[in-house]
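Participant: Structure in structure tokens, see below.
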Amino acid sequence: MAAPDVLIGSHQTVVVGLGRSGLAIAEHLTRRGEPFVMADTRTQPSGLVEFQRLYPDIEVHCGDLGELELQNAGRIILSPGVDVRTPGLPRSGPEIVGETALFVEALGERAQRPMLIAITGSNAKSTVTTLVGDMARACGIDVAVGGNLGTPALTLLAQRPEAACFVLELSSFQLETTPQLGADIAVHLNLSSDHLDRHDGMAGYAHAKQQIFKGAGAGIVNRDDPATTPCDTIRPGRTLSFGSDLPGRESDWGLGRRDNDVWLMRGEQAVMAAHDVMMPGQHNLLNVLAALAVGHEAGWSCDIMIETVAHFAGLPHRAQRVADLHGVTWINDSKGTNVGATLAAIEGIGVTLAGQLILLAGGVGKGADFTPLAEPLGRYGRAAVVYGRDRARLARALEGTLPVVVVDTLEQAMQHAMDMAQPDDAVLLSPACASLDQFDNFEARGDVFCAWLKQWQPHS
899 MAAPDVLIGS
909 HQTVVVGLGR
919 SGLAIAEHLT
929 RRGEPFVMAD
939 TRTQPSGLVE
949 FQRLYPDIEV
959 HCGDLGELEL
969 QNAGRIILSP
979 GVDVRTPGLP
989 RSGPEIVGET
999 ALFVEALGER
1009 AQRPMLIAIT
1019 GSNAKSTVTT
1029 LVGDMARACG
1039 IDVAVGGNLG
1049 TPALTLLAQR
1059 PEAACFVLEL
1069 SSFQLETTPQ
1079 LGADIAVHLN
1089 LSSDHLDRHD
1099 GMAGYAHAKQ
1109 QIFKGAGAGI
1119 VNRDDPATTP
1129 CDTIRPGRTL
1139 SFGSDLPGRE
1149 SDWGLGRRDN
1159 DVWLMRGEQA
1169 VMAAHDVMMP
1179 GQHNLLNVLA
1189 ALAVGHEAGW
1199 SCDIMIETVA
1209 HFAGLPHRAQ
1219 RVADLHGVTW
1229 INDSKGTNVG
1239 ATLAAIEGIG
1249 VTLAGQLILL
1259 AGGVGKGADF
1269 TPLAEPLGRY
1279 GRAAVVYGRD
1289 RARLARALEG
1299 TLPVVVVDTL
1309 EQAMQHAMDM
1319 AQPDDAVLLS
1329 PACASLDQFD
1339 NFEARGDVFC
1349 AWLKQWQPHS
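Pasting the structure below:
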């Protein structure tokens, strides 16, 4: 390990963050023959031993970044998990960028630049990114899918150099360190309160998300969410929209009625019946509309895209229909880790039910305001069962709206829901909270939900 007083030269590249993206950055710089120093704010980062095995000749500094005098660096490259406000990072001087900026730089060096589709949003970006990738493959496009979802962008570029199209899910952390993305198609799905501690409030978070439109050929936005509209200083070449209403322009997408059925529409053209979409809930119809808008803008076959949608069941832990027991549908939306995601699930699923909704919510609320959940639960809810660390805050936010049961654990919440549910109801696990008080991650929480239900399902 380098001494704490390691000197940073005036043209030195410094990579900060020894996570998965940090390793991808190191691999990329090594392939290009660009020397660098690796740094991490933790004294014993989990990836240190593996990094030193792979790169024994690279200097590594672990601990206080202030010891490095980073103002002398030529360029600083941050992993997405590293806050640009981290003590020791200079406020002026060297350029500070992230992994996605290196990806864009490398893409621009290609003789024939592949298509770049970039997707962001507070919620549903993994679902839409995956669906767009599936559509591209079905249309015969040599596509690579990754970014915040799965494989880091630089690793993807190395593994799939021949790809004709890259579809990237991008978080606010990745976008804030990408000066000029230049996507052919940039999608902003929705905006709701999340990561406010990282971005100094909602305005900073919204600004980070807006960076997806910098240099974009086409921007696709959500008419139902004005916060997704590009600001005056960041305008794509053209803007298309999707939403839950009828489209106002032939190039826009929305929902309409034909013969008493709901249809997905492009302009006045009925494209696909809503009942042919496998994923439950109206919010997933909006996700499909966004994906169809991307594919149409990219020039892909509409018929093939519709067939792909008809067979797309969604991703685990995202409005995933797990079981139907005694006429009650059980839905795993454990990925609903913020209020915006849970609102979308309540609204999207509640409107489709003949019965009522029982919400299971709780965990680590990250200081969120839970009161917006009360209004839709008043319309669609039979009851809410709250558990985990912030159960009392949830209960206070919902009291007077519908019956609220307060328990300790998710399993207890599920038992109460089973006792209360009536035929045609749905029990929705959409916690509006992080999982770390009782689980390792949202996947583990969803797995417990699914495993608990298995004991009640008839054995074949």
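Reading the sequence shown from the start, the letters are residues 899 to 1358 in this note's numbering. Heads up, the beta-carbon is just placed ideally off N, CA and C, and yes, glycines get one too.
#1: Among the residues of its own chain, which have a CB less than 7 Å from the CB of Asp1382, if the five just before and after it don't count?
#2: Quick check on Cys1129: buried or exposed, where buried means 16 or more other Cβ atoms within 10 Å of its Cβ?
#3: Just how far apart, CA to CA, sit Asp1322 and Ala1104?
#4: Considering only C-alpha positions, which residue in the set Gly1261, Ile1256, Gly986 and Gly1265 is nearest to Ala1272?
#5: Can you find at least 3 beta carbon pairs, one from the segment 1106–1123 and one from the segment 1032–1048, that sit closer than 8 Å?
#6: Run the CB neighbour count on Asn1120, radius 10 Å, all protein chains shown included, and call it buried at 16 or more, exposed below.
#7: Looking at the secondary structure, which residues open and close the beta strand (DSSP E) in which Cys1382 lies?
#8: Quick check: Arg1204 and Val1169, are their CB atoms within less than 8 Å of each other?
#9: Excluding the 5 residues preceding and the 5 following Met1312 in the sequence, name in chain order all residues of the same chain whose CB lies nearer than 6 Å to its CB.
#10: Just mark Arg983 as buried or exposed, buried being the case when its beta carbon has 16 or more other beta carbons within 10 Å.
#11: Near Phe1337, what residues of its chain come up, given a Cβ to Cβ distance below 6 Å and the 5 sequence neighbours on each side ignored?
#12: Distance check for Thr1053 and Arg951, CA to CA, integer angstroms please.
#13: Using CA atoms only, rank isn't needed, just tell me which of Val1226, Gly972 and His1173 is closest to Gly991.
#14: Which parts of the segment 1086–1168 are runs of the beta strand (DSSP E), unbroken and 3 residues or longer, counting only runs that do not cross its ends?
#15: Near Val1030, which residues of its chain fall below 6 Å by C-beta distance, leaving aside the five closest residues on each side in sequence?
#16: State the beta-bridge partners of Gln1218 as determined by DSSP.
#17: What first and last residue would you give for the alpha helix (DSSP H) that runs through Asp1201?
#18: My parser needs the beta strand (DSSP E) runs of 3 or more residues fully inside the segment 1028–1074; what are they?
#19: May I ask you to list the residues that DSSP assigns as paired with Leu1000?
#20: Taking the C-alpha atoms as reference points, what is the distance between Met899 and Val995?
#21: Quick check on the DSSP output: the beta strand (DSSP E) that includes Met1013 runs from which residue to which?
#22: From the DSSP output, in three-state form, read off Ala1211 for me.
#23: Grouping DSSP H, G and I as helix and E and B as strand, with all else coil, what is Ile906?
#24: Can the beta-carbon of Glu1067 be found closer than 8 Å to that of Thr1027?
#25: Which whole-angstrom value is the C-beta distance of Val1085 and Ile1017, which I expect to be below 8 Å?
#26: Taking DSSP's pairing of strands, which residues face Asp938 in a bridge?
#27: So, using beta-carbon positions, are Ser1020 and Asn1236 closer together than 8 Å?
#28: Grab the span of the alpha helix (DSSP H) containing Val1186 for me, first residue to last.
#29: Would the beta-carbon of Ala1259 fall within 8 Å of that of Cys1331?
#30: My assumption, with CB atoms under 8 Å, is that Asp1032 sits in contact with Asn1088. Please give the rounded CB distance.
#31: Classify Gln1218: buried if its beta carbon has 16 or more other beta carbons within 10 angstroms, exposed otherwise.
Facilitator: Inspection of the coordinates gives the following:
#1: Nothing can be reported for residue 1382, as the shown portion of the chain is limited to 899 through 1358.
#2: To locate residue 1129, count along the sequence shown from 1; it is residue 231. Looking at its Cβ environment, which holds fewer than 16 other Cβ atoms inside 10 Å, Cys1129 is exposed.
#3: Taking the first residue of the sequence shown as 1, we reach residue 1322 at position 424. Taking the first residue of the sequence shown as 1, we reach residue 1104 at position 206. Rounded to the nearest angstrom, the two C-alpha atoms are 39 Å apart.
#4: Position 374 of the sequence shown holds residue 1272. It is Ile1256 whose Cα lies nearest to the Cα of Ala1272.
#5: no
#6: Here the question's residue 1120 lines up with position 222 in the sequence shown. Burial call: buried.
#7: Past the edges of the chain, shown from 899 to 1358, lies residue 1382, and the structure says nothing about it.
#8: Residue numbering aside, residue 1204 sits at position 306 when the sequence shown is read from its first letter. Residue numbering aside, residue 1169 sits at position 271 when the sequence shown is read from its first letter. One point to set straight first is that residue 1204 is Ile, not Arg, in the sequence displayed. Going by C-beta atoms, Ile1204 is nearer than 8 Å to Val1169.
#9: As a working note, residue 1312 is residue 414 in the sequence shown. These residues qualify, in order along the chain: Trp1350.
#10: In the sequence shown, residue 983 corresponds to position 85, counting from 1. Its Cβ having fewer than 16 others within 10 Å, Arg983 is exposed.
#11: Working through the sequence shown from its first residue, we reach residue 1337 at position 439. Result list for Phe1337: Arg1343, in chain order.
#12: Here the question's residue 951 lines up with position 53 in the sequence shown. Here the question's residue 1053 lines up with position 155 in the sequence shown. Their Cα atoms are separated by approximately 19 Å.
#13: The residue labelled residue 991 in the question sits at position 93 within the sequence shown. Closest by alpha carbon: Gly972.
#14: 1116–1120, 1136–1140, 1151–1156 and 1159–1164
#15: For the purposes of this step, residue 1030 is identified with residue 132 of the sequence shown, where counting begins at 1. Within the same chain, Val1030 has close Cβ partners Val1065, Ala1189 and Val1192.
#16: As a working note, residue 1218 is residue 320 in the sequence shown. DSSP output for Gln1218 lists Asn1230 as bridge partner(s).
#17: Along the sequence shown, one-based indexing puts residue 1201 at 303. Note, Asp1201: alpha helix (DSSP H), Cys1200 to Ala1208.
#18: 1041–1045 and 1063–1067
#19: Taking the first residue of the sequence shown as position 1, residue 1000 is located at position 102. According to DSSP, Leu1000 bridges with nothing at all.
#20: For this step, residue 899 is matched to residue 1 along the sequence shown. For this step, residue 995 is matched to residue 97 along the sequence shown. Reliability of the predicted coordinates at Met899 is poor, the pLDDT of 43 falling under 50, and the value obtained from them is presented with this limitation in mind. About 24 Å.
#21: Your numbering for residue 1013 matches position 115 in the sequence shown. Counting along the chain, the beta strand (DSSP E) containing Met1013 begins and ends at Met1013 to Thr1018.
#22: As a position in the sequence shown, residue 1211 is number 313, starting the count at 1. In this structure, Ala1211 counts as coil in the three-state DSSP scheme.
#23: For the purposes of this step, residue 906 is identified with residue 8 of the sequence shown, where counting begins at 1. Note: Ile906 maps to coil in three-state DSSP.
#24: Along the sequence shown, read from residue 1 onward, the residue named residue 1067 stands at position 169. Along the sequence shown, read from residue 1 onward, the residue named residue 1027 stands at position 129. Yes; because the gap between Cβ atoms is below 8 Å, this pair is in contact.
#25: Here residue 1085 refers to the residue found at position 187 when the sequence shown is read from its first residue. Here residue 1017 refers to the residue found at position 119 when the sequence shown is read from its first residue. Indeed, because the Cβ distance is near 4 Å, the residues count as touching under 8 Å.
#26: Position 40 of the sequence shown, counted from the first residue, corresponds to residue 938. Cys960.
#27: The sequence position of residue 1020 within the sequence shown is 122, counting from 1. The sequence position of residue 1236 within the sequence shown is 338, counting from 1. Yes, the Cβ-Cβ distance between Ser1020 and Asn1236 is below 8 Å.
#28: Your numbering for residue 1186 matches position 288 in the sequence shown. Its alpha helix (DSSP H) spans residues Gln1180 to Ala1196.
#29: Looking up residue 1259 in the sequence shown gives position 361. Looking up residue 1331 in the sequence shown gives position 433. In this structure, Cys1331 lies closer than 8 Å to Ala1259 by Cβ.
#30: The residue labelled residue 1032 in the question sits at position 134 within the sequence shown. The residue labelled residue 1088 in the question sits at position 190 within the sequence shown. Asp1032 to Asn1088, Cβ: 21 Å. No contact.
#31: Working through the sequence shown from its first residue, we reach residue 1218 at position 320. Looking at its Cβ environment, which holds 16 or more other Cβ atoms inside 10 Å, Gln1218 is buried.
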